[in-house]
Every structure is written in C-alpha cells, then in structure tokens.
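*Asks:*
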C-alpha cells in the first residue's frame with residue numbers, strides 16, 4: 018500500500034509538472050489580456066523539437082531550451098497576429114493549434130517511436146528523499162521539477178503581485194485604455210508576455226518528452242494543452258494556483274495508472290477519461306456551488322479583447 | 443497632405459472577400475514554397491490535385507462525400523456562433539451521434555425504412571445529450587463553453603475506441619478496432635454519394651431560413667449582439683443559448699450518423715476524421731451566415747480532398763492539418779486588415795467643430 022502511494026505520488030508530480038508549466042505560461046498571457054488557445058499546438062511543437070534536439074546532442078537541458086525557443090517562436094507569430102495586427106484571438110489560437118499539431122507530426126514523422134536518448138535523471142535530495150511516501154515524490158525527482166513547482170511560480174508571483182512592473186502588467190489586462198493613458202506600453206507588454214507564456218508552453222511539451230513520456234508519437238500531447246487552459250480558470254489566474262491545480266490533475270492521471278496496474282474492474286478507457294471529466298467537473302462545480310467564487314476567480318476584465326488606441 | 447491608415451468599423455462584403463482571397467492565395471503560396479523546398483514539384487502536385495478533385499467524376503463524388511459532414515458540422519458551429527457561443531465540441535458530438543446510430547443499427551433488426559430514421563433519432567439524441575452539460579453550464583452558470591465542449595471530444599474518442607475494440611467488437615470477421623458491418627445503409631443516389639448529401643444541403647438551407655427569417659432566429663441574433671439589451675427586451679437569452687447549443691449538438695451528431703450509415707458502415711476509432719474541428723474552420727469562413735456555409739464547406743472539402751492526393755505523394759495526413767491552420771491564420775489576419783483604409787488628412791489649421799465627426 019505504501020509502495021503504491023509512493024509510486025502514485027511520484028507519477029502525479031511528473032504528470033502534473035507538464036500541466037503546471039503550461040498553465041503557468043497561459044496565466045502570464047491571460048493576465049495581460051490575451052487568450053492563447055494555441056497551447057496544445059505549441060506543446061506539440063515543443064515535444065517534437067525536444068526529441069529532435071536530444072537525438073542530435075544528448076543533453077536534456079539543450080532539449081528543454083530548444084523546446085522553449087520553439088514555443089516562443091510560435092508565440093511570437095501568434096502575438097504578431099493578435100497583439101500587433103489585433104486579429105481575433107480565438108481564431109488565431111485555433112489556427113496555431115492546427116499548425117502546431119500538423120507541423121509537429123510532419124517534422125516528427127521520422128522520429129515516431131524513437132525513444133528519447135537523453136532524459137532528465139533523478140537527483141535525490143540527501144536525507145529528505147528517504148522520507149516515506151513523500152520523499153521520492155517530492156525530493157527524489159529530476160531538477161526541472163523544482164523549477165516548475167517552486168522557482169518559476171515564485172518568480173511569477175513576486176513579479177506579478179509585489180513589483181511595479183507586475184502592477185503595470187495586470188493593469189494592461191484589466192483596462193488597457195487606462196494603462197495606455199498612464200503611459201504604459203500596452204502593445205509591448207502584451208507581445209512579450211504572450212511570447213514568454215508560449216515559451217513555457219513549448220517547455221511543457223519538451224518536459225513531457227524528456228521525462229514523463231520519453232518517446233515521440235503523433236497525438237502525444239493528447240489534450241494536455243486544453244486541460245492546461247482549463248486549469249488557468251480553475252487556478253483563478255494565479256501562478257501558484259496553476260501549480261497546485263497541475264499537481265491535482267497529476268494525481269487524477271496517476272489514479273488511472275494505479276487503476277490499470279491494480280486491475281480495478283473498470284475498463285482502462287474509462288480510467289483514461291478521468292483527467293478530462295475531472296477538468297470539466299472542476300471548472301463547473303465551484304461556480305455552481307459557491308457563487309462568490311465567480312468574483313474571486315474572475316478573469317482579467319479585458320481578456321480576449323484586442324486594444325485599439327484609436328477606436329473607443 | 444499626410445496619408446495614414448484608419449480603422450473602419452464596418453467592412454463591405456466585396457472588400458472582405460478580396461482580402462480573404464488574398465489570404466488563401468498567400469497561405470497556398472507558403473505551402474507551395476515548403477513543398478518546393480522539400481524537393482517536390484509543386485506544378486505536378488497542383489495538376490494532380492485538380493485532376494483528382496474537380497477534374498474527374500470520382501473526384502467529384504469524393505468531394506460530395508467530404509462535403510456532407512462538413513456542411514452539418516459547419517452549420518453546427520455557425521448556429522452557436524450567432525448567439526456568441528463557440529461549440530468546439532462538434533467532434534465529440536459527431537462521435538456521440540455515430541455511437542447512438544450504431545447502437546440502433548447493430549441491435550435493432552428491421553426494414554431499413556424504419557431502422558434508418560430510428561438511427562438518426564437515436565444519434566441526434568446522443569449528440570444533444572453530449573452537449574447538454576456544457577450547454578447548461580454555459581447558459582445558467584456562465585462557464586466557458588470552449589473548454590468544456592472541447593474536453594468532451596477526448597472522452598467521446600476514447601468511448602468510441604472502447605466500444606469498437608471491446609463490447610461491440612466484430613468477432614465474425616475480426617476486423618481490427620471496428621464493430622461489425624451495419625445491416626442497413628443509406629441508399630446511394632449518385633455513384634458512392636448517398637442521400638445524406640441532399641439532406642444535409644436541405645438542412646443548411648432550412649437553417650438559413652430559420653436563423654434569418656423567424657422570430658426565434660431574430661432573438662438569437664439579438665442575444666448574440668448584446669446579451670444585456672436582449673434580456674432587457676424580454677428575450678429569454680439563457681433558454682435560447684441552451685436551445686441553440688442542443689440544436690448544434692444534434693446537427694453534428696447527424697453528421698456522425700450519416701458518416702457511419704452512409705459512408706463507413708461500421709463504428710471505428712478515428713471515424714470523425716477531424717470533421718468536427720474542420721467544421722469550426724467552415725463556420726469561421728461562413729462568418730455566422732448559414733447560407734455562406736455552402737461555399738465555405740466546399741472550399742474545406744476541396745482542401746481535404748486535395749490532402750488525400752498529397753498523401754499518395756508521401757506527405758503525411760498531418761500536413762493537411764498544418765495547411766488548414768495556415769489558411770485559418772491568414773484569414774484571421776486578413777479579416778482584421780480589411781478594416782483599415784488609407785485616409786489623407788487635409789491640411790486644415792483648425793478642425794471644424796461639426797457634429798458629423800462624432801459619428802463613426
């Protein structure tokens with residue numbers, strides 16, 4: 018039983034890390050008022066670029082870097098269309114998803130089924146990693162886990178809520194006209210935060226193929242980008258909210274593995290549905306049960322609205 | 443005299459069409475460039491595409507087969523768009539419709555004139571059921587429907603594969619991941635084109651009438667344009683959102699029923715072939731008008747049919763998805779750019795204070 022819990026928690030941390038990283042990226046983009054529905058495609062690009070990089074140079078950090086850059090490049094294209102040209106964000110997001118899924122499958126055609134030659138190894142923290150149950154899960158993981166669960170959200174939280182720059186960033190997402198009148202560079206802030214968020218989505222894809230599912234295949238991302246998008250709502254657009262909800266959904270994913278491993282009398286197909294159904298339940302139930310939730314978890318006021326200085 | 447660009451609030455249809463044509467041409471030019479860079483002869487491919495789509499009878503039949511589900515899924519996404527709701531879950535409702543239809547077709551013996559309508563009814567009911575929870579959550583709790591409808595697509599895909607591999611698996615011929623052949627089929631009218639095609643056409647025309655010429659359609663347009671004003675005017679916006687989303691689920695499900703009973707004849711994983719997602723592209727091209735779904739679906743069917751040809755030339759099916767994404771991306775940009783017109787600023791020293799400039 019203890020072994021089972023330990024294994025489940027370890028899987029949850031790994032599976033959740035992918036979602037947490039992508040959700041954190043989307044939090045950055047949505048806080049400046051841009052919905053990037055292209056996460057699924059960007060993650061797919063990141064995943065395939067990471068594999069291609071580590072096949073060429075067996076260094077997982079280079080793979081993760083390449084995945085981040087691929088995501089950021091895709092994000093720049095998206096940000097050019099939505100922030101500079103100010104085209105419809107839903108359409109551009111769907112287009113980036115189609116493009117990313119199609120391109121990654123085309124590029125990755127020759128790499129299908131090739132196991133990743135280099136992955137992030139486990140780096141146990143001395144002493145702590147031998148704690149029962151939580152030791153291996155939280156202190157016996159690879160290094161990026163700490164980056165995803167602690168360093169990045171802490172940085173994002175500090176910048177967002179404790180600096181002047183963070184105030185400017187949130188103002189742009191709440192009321193771009195007022196921010197503009199106060200002299201803030203609305204377009205630049207939106208452009209770079211969307212790009213940064215897309216870079217994290219690419220990194221999430223790379224993290225997926227460098228640790229959790231170390232082999233490329235078409236459809237590998239399997240809706241994780243969309244789950245990450247839903248987690249942003251569930252997280253109330255907060256960095257640590259994104260991290261925690263990522264971990265929660267990692268647990269749900271791990272639950273379906275445990276079910277299959279222990280031969281629960283449920284078909285694996287139904288266990289595989291759990292993360293999707295869980296996500297739906299988690300974004301519907303809170304607002305139905307507790308009405309104040311809507312105000313606490315409110316989206317940035319200008320989310321999804323392009324800002325035209327000359328048209329009021 | 444200084445020239446500058448000014449954003450116009452409205453765009454004439456001709457102007458938009460011109461920009462969009464430019465967008466499609468740009469997207470195809472980029473595709474051609476990529477094909478040429480990867481060592482293929484674009485002219486040879488273009489020739490092949492034309493001959494095997496509009497240039498031959500078989501090509502035209504295939505085009506009509508692609509067109510049938512696209513008309514319905516395109517209309518499904520278009521009707522919800524009219525009330526300001528995105529149904530990204532047409533793919534899942536398509537599967538639900540196929541599952542509902544297959545359940546009746548496999549397990550209810552009877553003459554086809556009786557079984558086929560029952561299959562359609564069962565399929566439509568399943569599709570409506572599939573969108574019911576997202577629709578209720580959107581209408582009465584304001585929950586983002588893009589994500590809820592989309593996530594159900596993955597559930598529907600898993601359920602279909604489970605049924606095709608598990609309980610409904612064809613044990614007679616042992617075909618991989620597929621149910622047995624359905625005992626009934628939609629009769630053909632022209633080559634391999636079945637009656638689903640004219641029915642889908644008629645449904646789209648009926649929807650065009652319903653959305654633009656009836657009280658119900660008017661209420662939906664107003665609800666989509668300004669929800670607060672519509673509610674103030676006494677329009678039951680929530681009930682309309684629910685109704686439109688259920689209609690949308692039913693339409694996508696009917697596409698699934700046609701596909702399983704008219705074209706594929708068995709339920710199998712991957713049956714939906716991204717038709718639900720391509721329905722979104724059709725709806726975007728149609729810009730909320732059900733009548734425009736006809737030319738939009740035709741363009742999409744042409745791209746998909748061309749994709750089949752490209753697959754015979756060692757290109758993966760995913761290349762078609764990327765090309766579709768590129769077309770969609772270019773059109774999104776063109777739609778916005780169409781708003782801008784060059785204006786020349788007259789060198790007046792003082793601006794005349796007339797009331798005219800307050801109006802857009």
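Residue numbers (our numbering), protein chains in the order written: chain A, 18 to 329; chain B, 443 to 802. Using N, Cα and C, we set each Cβ at its ideal position, and we do this for glycine too. Predicted model only: the values in this text are computed from it and were never measured.
Determine the burial state of residue 632 of chain B: buried for a count of at least 16 other Cβ atoms within 10 Å of its Cβ, exposed for fewer.
*Replies:* The residue you call residue 632 of chain B lines up with position 190 of the second chain. Answer is exposed; the Cβ neighbour count stays below 16.
*Asks:* In chain A, which residues lie with their C-beta within 8 Å of the C-beta of residue 766 of chain B?
*Replies:* Here residue 766 of chain B refers to the residue found at position 324 of the second chain. Under the 8 Å cutoff, chain A gives 115, 119.
*Asks:* Can you pull the chain A neighbours of residue 726 of chain B, defined as C-beta to C-beta under 7 Å?
*Replies:* Taking the first residue of the second chain as 1, we reach residue 726 of chain B at position 284. Per Cβ cutoff of 7 Å: 108.
*Asks:* In whole angstroms, what separates the C-alpha of residue 181 of chain A from that of residue 50 of chain A?
*Replies:* Residue mapping note: residue 181 of chain A aligns to position 164 of the first chain, counting from 1. Residue mapping note: residue 50 of chain A aligns to position 33 of the first chain, counting from 1. For residue 181 of chain A and residue 50 of chain A, the distance between alpha carbons rounds to 18 Å.
*Asks:* Hey, could you find the ends of the beta strand (DSSP E) residue 783 of chain B is sitting in?
*Replies:* Locating residue 783 of chain B in the second chain gives position 341, counting from the first residue. From DSSP, the beta strand (DSSP E) with residue 783 of chain B extends over 782–787.
*Asks:* Are there 16 or more other CB atoms within 10 angstroms of the CB of residue 504 of chain B, so buried, or fewer, so exposed?
*Replies:* Counting from 1 along the second chain, the entry for residue 504 of chain B is found at position 62. By the 10 Å Cβ count, residue 504 of chain B comes out buried.
*Asks:* At a Cβ threshold of 8 Å, is residue 102 of chain A touching chain B?
*Replies:* Along the first chain, read from residue 1 onward, the residue named residue 102 of chain A stands at position 85. So yes, residue 102 of chain A belongs to the interface.
*Asks:* Using 10 angstroms around the beta-carbon of residue 308 of chain A, count the other beta-carbons present and answer buried if the total reaches 16, otherwise exposed.
*Replies:* Counting from one through the first chain, the residue named residue 308 of chain A turns up at place 291. That one is exposed.
*Asks:* Just grab the DSSP bridge partners of residue 620 of chain B for me.
*Replies:* Position 178 of the second chain holds residue 620 of chain B. Answer is B/710.
*Asks:* Report the CB separation of residue 210 of chain A from residue 45 of chain A in whole angstroms; it is logged as a contact under 8 Å.
*Replies:* As a position in the first chain, residue 210 of chain A is number 193, starting the count at 1. As a position in the first chain, residue 45 of chain A is number 28, starting the count at 1. That belief holds up - the Cβ atoms of residue 210 of chain A and residue 45 of chain A are roughly 5 Å apart, short of 8 Å.
*Asks:* Nearest CA to the CA of residue 557 of chain B: which residue from B/703, B/732, B/717, B/689?
*Replies:* Taking the first residue of the second chain as position 1, residue 557 of chain B is located at position 115. Per the Cα distances, B/703.
*Asks:* Specify, as a first and last residue, the run of the beta strand (DSSP E) that residue 472 of chain B falls within.
*Replies:* Within the second chain, numbered from 1, the residue matching residue 472 of chain B stands at position 30. Careful: residue 472 of chain B lies outside any beta strand (DSSP E), inside the alpha helix (DSSP H) at 455–479.
*Asks:* Which residue wins for smallest C-alpha separation from residue 129 of chain A, given the options A/109, A/68, A/258?
*Replies:* Working through the first chain from its first residue, we reach residue 129 of chain A at position 112. Considering only alpha carbons, the answer is A/68.
*Asks:* Would the beta-carbon of residue 515 of chain B fall within 8 Å of that of residue 691 of chain B?
*Replies:* On the second chain, residue 515 of chain B is found 73 positions in, with the first residue counted as 1. On the second chain, residue 691 of chain B is found 249 positions in, with the first residue counted as 1. No, the Cβ-Cβ distance between residue 515 of chain B and residue 691 of chain B is not below 8 Å.
*Asks:* Got a sec, what are the start and stop residues for the beta strand (DSSP E) residue 630 of chain B sits in?
*Replies:* Start at 1 with the first residue of the second chain, and residue 630 of chain B comes out as number 188. Here the beta strand (DSSP E) through residue 630 of chain B covers 630–632.
*Asks:* State whether the stretch 565–579 of chain B contacts the stretch 252–266 of chain A, with contact taken as three or more CB pairs (one from each stretch) at a distance under 8 Å.
*Replies:* Counting Cβ pairs under 8 Å, fewer than three are found: no touch.
*Asks:* Spatial neighbours of residue 270 of chain A within its chain, please: CB distance less than 6 Å, with the 5 preceding and 5 following residues excluded, ordered by chain position.
*Replies:* Along the first chain, read from residue 1 onward, the residue named residue 270 of chain A stands at position 253. Result list for residue 270 of chain A: 32, 292, in chain order.
*Asks:* Between which two residues does the alpha helix (DSSP H) containing residue 15 of chain A stretch?
*Replies:* As shown, chain A starts at 18 and ends at 329. That puts residue 15 of chain A outside it, with no answer to give.
*Asks:* Am I right that residue 773 of chain B and residue 579 of chain B are in contact with their C-beta atoms under 8 Å? What's the rounded C-beta distance?
*Replies:* The residue given as residue 773 of chain B occupies position 331 in the second chain. The residue given as residue 579 of chain B occupies position 137 in the second chain. That belief does not hold up - the Cβ atoms of residue 773 of chain B and residue 579 of chain B are roughly 30 Å apart, past 8 Å.
*Asks:* Could you tell me whether the Cβ atoms of residue 856 of chain B and residue 741 of chain B are closer together than 8 Å?
*Replies:* Since the first residue shown for chain B is 443 and the last is 802, residue 856 of chain B is missing from the structure and cannot be characterised.
*Asks:* Can you give, in chain order, each stretch of the alpha helix (DSSP H) that sits fully within the stretch 551–630 of chain B and has at least 4 residues?
*Replies:* DSSP runs (the alpha helix (DSSP H)) wholly in the stretch 551–630 of chain B: 554–583, 587–607.
*Asks:* In chain B, which residues lie with their C-beta within 8 Å of the C-beta of residue 327 of chain A?
*Replies:* Locating residue 327 of chain A in the first chain gives position 310, counting from the first residue. What residue 327 of chain A touches in chain B: 448, 449.
*Asks:* Which ranges would you report for the alpha helix (DSSP H) in the stretch 159–189 of chain A if only whole runs of at least 4 residues count?
*Replies:* Fully enclosed alpha helix (DSSP H) runs of 4 or longer: 160–163, 169–179.
*Asks:* Assign residue 339 of chain A to one of two classes, buried (16 or more other C-beta atoms within 10 Å of its C-beta) or exposed (fewer than that).
*Replies:* Any question about residue 339 of chain A goes unanswered here, given that chain A covers just 18 to 329.
*Asks:* Smallest Cα separation from residue 66 of chain A: which of A/91, A/306, A/53?
*Replies:* Residue 66 of chain A sits at position 49 when you count from the first residue of the first chain. Residue 66 of chain A has its Cα closest to that of A/91, out of A/91, A/306, A/53.
*Asks:* Can you give me the C-alpha to C-alpha distance between residue 443 of chain B and residue 728 of chain B, rounded to a whole angstrom?
*Replies:* For the purposes of this step, residue 443 of chain B is taken as the residue at position 1 of the second chain. For the purposes of this step, residue 728 of chain B is taken as the residue at position 286 of the second chain. In this predicted model, residue 443 of chain B has a pLDDT of only 48, less than 50, meaning its place in the structure is not dependable enough to derive any value.
*Asks:* Report the CB separation of residue 237 of chain A from residue 81 of chain A in whole angstroms; it is logged as a contact under 8 Å.
*Replies:* The sequence position of residue 237 of chain A within the first chain is 220, counting from 1. The sequence position of residue 81 of chain A within the first chain is 64, counting from 1. Not confirmed; about 16 Å, so no contact.
*Asks:* Just the C-alpha distance for residue 213 of chain A and residue 89 of chain A, rounded to the nearest angstrom, thanks.
*Replies:* What you label residue 213 of chain A is simply residue 196 of the first chain in a count that begins at 1. What you label residue 89 of chain A is simply residue 72 of the first chain in a count that begins at 1. Those two C-alpha atoms are separated by around 6 Å.
*Asks:* For chain A, check one thing: does any of its Cβ atoms lie closer than 8 Å to the Cβ of residue 537 of chain B?
*Replies:* Looking up residue 537 of chain B in the second chain gives position 95. Judged by the 8 Å Cβ criterion, residue 537 of chain B is not in contact with chain A.
*Asks:* Classify residue 804 of chain B: buried if its beta carbon has 16 or more other beta carbons within 10 angstroms, exposed otherwise.
*Replies:* As shown, chain B starts at 443 and ends at 802. That puts residue 804 of chain B outside it, with no answer to give.
*Asks:* In chain order, what residues of the same chain lie with their CB nearer than 7 Å to the CB of residue 140 of chain A, ignoring the 5 residues before and after it?
*Replies:* Taking the first chain and counting its residues from 1, the one referred to as residue 140 of chain A is at position 123. Contacts found: 159, 160.
*Asks:* At a Cβ threshold of 8 Å, is residue 777 of chain B touching chain A?
*Replies:* To locate residue 777 of chain B, count along the second chain from 1; it is residue 335. It does: the Cβ of residue 777 of chain B has a partner Cβ on chain A nearer than 8 Å.
*Asks:* Residues of chain A with CB under 7 Å from residue 528 of chain B, in chain order?
*Replies:* Taking the first residue of the second chain as 1, we reach residue 528 of chain B at position 86. What residue 528 of chain B touches in chain A: 107.
*Asks:* Tell me the residue span of the alpha helix (DSSP H) that contains residue 657 of chain B.
*Replies:* In the second chain, the residue the question calls residue 657 of chain B occupies position 215. It spans 657–667 - the alpha helix (DSSP H) in which residue 657 of chain B sits, taken as one unbroken run.
*Asks:* According to DSSP, is residue 485 of chain B helix, strand or coil?
*Replies:* The residue you call residue 485 of chain B lines up with position 43 of the second chain. Of the three classes helix, strand and coil, the one that applies to residue 485 of chain B here is helix, per DSSP.
*Asks:* Report all residues from its chain with a CB closer than 6 Å to the CB of residue 458 of chain B; omit the five preceding and five following residues, and keep chain order.
*Replies:* Within the second chain, the letter at position 16 stands for residue 458 of chain B. Here the set comprises 780.
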